[in-house]
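Participant: Mind looking over this structure? Questions follow.
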Amino acid sequence: MKILTSMLAEETLVIDNDISSSILDLKEPHLKGSSSIRIHLTAYKDEQTVYVYGTLKTSILIQCGRCCNWFEYPIEVPHFKFQLNPPLPVEIDLTERIREDILLALPMIGFCGPNVANGCFGKDLFNEQNKEKSIHGEGIWKVLEKIKKR
Ligand SMILES: [Zn+2]
Numbered sequence: 001m002k003i004l005t006s007m008l009a010e011e012t013l014v015i016d017n018d019i020s021s022s023i024l025d026l027k028e029p030h031l032k033g034s035s036s037i038r039i040h041l042t043a044y045k046d047e048q049t050v051y052v053y054g055t056l057k058t059s060i061l062i063q064c065g066r067c068c069n070w071f072e073y074p075i076e077v078p079h080f081k082f083q084l085n086p087p088l089p090v091e092i093d094l095t096e097r098i099r100e101d102i103l104l105a106l107p108m109i110g111f112c113g114p115n116v117a118n119g120c121f122g123k124d125l126f127n128e129q130n131k132e133k134s135i136h137g138e139g140i141w142k143v144l145e146k147i148k149k150r
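The letter at position 88 of the sequence shown is residue 88 when you use the UniProt record's numbering, and the numbering goes up by one with no holes.
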């Protein structure tokens with residue numbers, strides 16, 4: 001997501017765009033990028049400083065930390081803000097900032113909430129067969145055993 005600095009003046013530039021969720025570069029096994037990222041940004045240049053603000057919206061597929069079900073987790077960054085002081089580059093690349101703000105809005109571990117269809121919210125999982133093996137906390141007990149042995 002790049003803006004040409006020469007396109008910015010004191011007049012504002014409005015950017016309404018969908019960008020691929022592949023920019024998130026999700027590496028965690030319990031997260032998958034799903035829908036594209038909807039960006040609505042306003043950019044302008046005041047003297048020599050560039051300001052960008054707006055909203056980011058997307059959804060990420062998250063594996064529930066309780067039942068291992070994959071569900072869509074909506075993410076909204078309502079107050080995206082970016083400021084760039086001189087010297088200004090020819091092109092301003094917002095990709096990394098967009099990525100960071102969305103990753104910060106993600107939960108460490110997601111759980112099916114009351115709005116997740118067929119989710120585990122309020123269900124007793126004790127007698128249910130889990131079809132997928134949890135990828136959360138692999139090796140977590142080994143770490144604890146090491147602490148215990150000290
Ligand atoms: Zn669940």
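Ideal Cβ positions, reconstructed from N, Cα and C, are used throughout, including at glycine.
Under the assumption that I92 contacts K2 (Cβ atoms under 8 Å), give the Cβ distance between them as a whole number of angstroms.
Facilitator: About 7 Å; that satisfies the 8 Å criterion.
Participant: Specify, as a first and last residue, the run of the alpha helix (DSSP H) that L106 falls within.
Facilitator: Neither: L106 is in no alpha helix (DSSP H) and is coded neither H nor E.
Participant: Starting from the C-beta of I19, find all residues in its chain whose C-beta is less than 7 Å away, skip the five residues before and the five after it, and write them out in chain order.
Facilitator: Closer than 7 Å at the Cβ level, and outside the excluded window around I19, lie M1, S36, I37, I39.
Participant: Just to confirm my understanding: we take S59, look at its own chain, exclude 5 residues before and 5 after, and list those with CB closer than 7 Å. What are they?
Facilitator: Correct list, in chain order: S34, S35, E72, Y73, P74, I75.
Participant: On the premise that Q48 lies in contact with L88, defined as a C-beta separation below 8 Å, what is that separation, rounded to the nearest angstrom?
Facilitator: Sure, about 7 Å apart at Cβ, within 8 Å.
Participant: Just the Cα atoms here: how many angstroms apart are residue 165 and C68?
Facilitator: Given that the chain is displayed from residue 1 to residue 150, the structure contains no residue 165 and the question cannot be resolved.
Participant: Any heavy atom of ligand 1 within a distance shorter than 6 Å of the CB on K113?
Facilitator: Note that residue 113 corresponds to Gly in the displayed sequence, not to Lys. Result no, Cβ not under 6 Å from ligand 1.
Participant: Leaving out five residues on either side along the sequence, give the residues of the same chain with a beta carbon under 8 Å from the beta carbon of L13.
Facilitator: Answer for L13: I3, M7, T42, A43, Y44, listed in chain order.
Participant: Among D46, A117, L94, whose alpha-carbon lies nearest the alpha-carbon of P85?
Facilitator: Reading the sequence as shown, one finds Asn at residue 85 and not Pro. Here the closest residue by C-alpha is D46.
Participant: I'd like the list of long-range same chain contacts for S21, defined as Cβ closer than 7 Å, with 5 residues on each side in sequence excluded.
Facilitator: Excluding positions up to five away in sequence, the list reads G33, S34, S35, S36, I37, T58.
Participant: Beta-carbon within less than 6 Å of V116's beta-carbon, same chain only, minus the 5 sequence neighbours each way: which residues are those?
Facilitator: The residues are F71.
Participant: Is residue 161 near ligand 1, going by C-beta to nearest heavy atom under 6 Å?
Facilitator: Residue coverage of the chain in this structure runs from 1 to 150, which leaves residue 161 outside it and unanswerable.
Participant: Please classify L125: is it buried, with 16 or more other beta-carbons within 10 angstroms of its beta-carbon, or exposed?
Facilitator: Exposed, since its Cβ has fewer than 16 Cβ neighbours within 10 Å.
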